[in-house]
Amino acid sequence: MNRTQKGAWYSLACFTILLGLVVWWTVQLFVMKERPGGVSRYIAMLGYLAVLASGWWLRKKQSRHEPDADERDKMIKKKALTAATTSLVLIVASLLLYMYIALGPDYSIPVWALVILSFGIGYLVLAVYSVTVLFQYGRGGIDGEK
Amino acid sequence: MAKSKIKNNIRQFRFENGQMTQADLADKAGVTRQTIIAIEAGQYSPSLELAIKIARAFGKKVDDVFEYEE
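From first to last, the protein sequence lines stand for chains A and B.
The C-terminal position of the first sequence is numbered 143 in our numbering, with every residue numbered one higher than the one before it.
The C-terminal position of the second sequence is numbered 546 in our numbering, with every residue numbered one higher than the one before it.
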């Protein structure tokens, strides 16, 4: 795996861990009616440590002469950026439309909700970027030594 | 990615050059191994600059390594 692929897997792993925790905490808060803590706190800590520990793996090269990114990597990143930007526009537009219809034009939302929404959208766009990168590399990019 | 119309003899030249691995060729051309894999499989058409670098790694001309299929 080259650095671009590793970066994409890394982002996707961060997104998945975060999504898992958000779902778990939401269930705890609104279904089980208790404050998040206990096991999920340790899972969060382990996930965070795993992400930190994998930092060296991102920097590790396949060979001493391997470039950080070659022409194909740059092309793949450019296409992924286009997909991510398009998804950002679509997500924000859909969200605004949904809030307008569901809540009405004069409704107001608390600032903390806006912050959470912004981070959520950011992570979602990052996930779209990562998936697009990995999709473009295809199966041959992971192992294809012949 | 769609198959490119540019065919290549990279695999053949690698074996003629002492079983050169894709990693060795990638190092010589200054790209990642994944890019060599994609070019060899016809999934990616290299730039002229990269095509020249690959041809030079084999001591050949670009025309010998790559050909355009009508």
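We put the CB at the ideal spot given by N, CA and C, even for glycine.
Could you tell me which chain A residues have their CB closer than 7 Å to the CB of residue 526 (chain B), listed as they occur along the chain? Counted from its first residue, the second sequence places residue 526 (chain B) at position 50. What residue 526 (chain B) touches in chain A: 68.
What's the C-alpha gap between residue 121 (chain A) and residue 58 (chain A)? The residue given as residue 121 (chain A) occupies position 124 in the first sequence. The residue given as residue 58 (chain A) occupies position 61 in the first sequence. As the crow flies, the alpha-carbon of residue 121 (chain A) is around 28 Å from that of residue 58 (chain A).
In its own chain, which residues sit with a C-beta less than 7 Å from the C-beta of residue 135 (chain A), not counting the 5 before and 5 after it? Locating residue 135 (chain A) in the first sequence gives position 138, where the first residue counts as 1. Contacts found: none.
Does the segment 486 to 502 of chain B come close enough to the segment 519 to 538 of chain B that 3 or more CB-CB pairs lie under 8 Å? The way I'd put it, the segment 519 to 538 of chain B does touch the segment 486 to 502 of chain B; three or more beta-carbon pairs between them come closer than 8 Å.
Residues of the segment 54 to 66 of chain A with Cβ closer than 7 Å to any Cβ of chain B, in chain order: Answer in chain order: 59, 60, 62, 63, 64.
Nearest-angstrom Cα separation, counted from residue 107 (chain A) out to residue 113 (chain A): Position 116 of the first sequence, counted from the first residue, corresponds to residue 113 (chain A). Position 110 of the first sequence, counted from the first residue, corresponds to residue 107 (chain A). Approximately 10 Å, taken between the alpha carbons.
I want to see whether chain A comes within less than 8 Å of residue 507 (chain B), judged by CB atoms only; does it? Stepping through the second sequence from its first residue, residue 507 (chain B) is reached at position 31. Closer than 8 Å to the CB of residue 507 (chain B) there is at least one CB belonging to chain A.
Mind pulling the alpha helix (DSSP H) runs of 4 or more residues that sit fully within the segment 34 to 106 of chain A? Taking 4 residues as the shortest admissible run, the segment 34 to 106 of chain A contains the following complete alpha helix (DSSP H) segments, listed from N- to C-terminal end: 36 to 50, 52 to 56, 68 to 100.
Please state the DSSP three-state secondary structure of residue 492 (chain B). Here residue 492 (chain B) corresponds to residue number 16 of the second sequence, with the count starting at 1. The answer is helix: DSSP assigns residue 492 (chain B) an H, G or I state.
On the DSSP letters alone, give me the boundaries of the alpha helix (DSSP H) that residue 428 (chain B) sits inside. In the structure as shown, chain B begins at 477 and stops at 546. Residue 428 (chain B) is therefore absent and cannot be evaluated.
Residue 545 (chain B) to residue 539 (chain B), Cα distance in whole Å? Within the second sequence, residue 545 (chain B) is the residue found at index 69, counting from 1. Within the second sequence, residue 539 (chain B) is the residue found at index 63, counting from 1. In this structure, the straight-line span from the alpha carbon of residue 545 (chain B) to that of residue 539 (chain B) is close to 12 Å.
Element boundaries [alpha helix (DSSP H), containing residue 537 (chain B)]: Residue 537 (chain B) sits at position 61 when you count from the first residue of the second sequence. Element bounds for residue 537 (chain B): n/a, residue is neither H nor E.
Quick one: is residue 520 (chain B) near chain A, going by C-beta distance under 8 Å? Mapped onto the second sequence, residue 520 (chain B) falls at position 44. Yes, residue 520 (chain B) counts as interfacial toward chain A.
Consult DSSP for residue 528 (chain B) and reduce its assignment to one of helix, strand or coil. Against the second sequence, residue 528 (chain B) aligns to sequence position 52. The answer is helix: DSSP assigns residue 528 (chain B) an H, G or I state.
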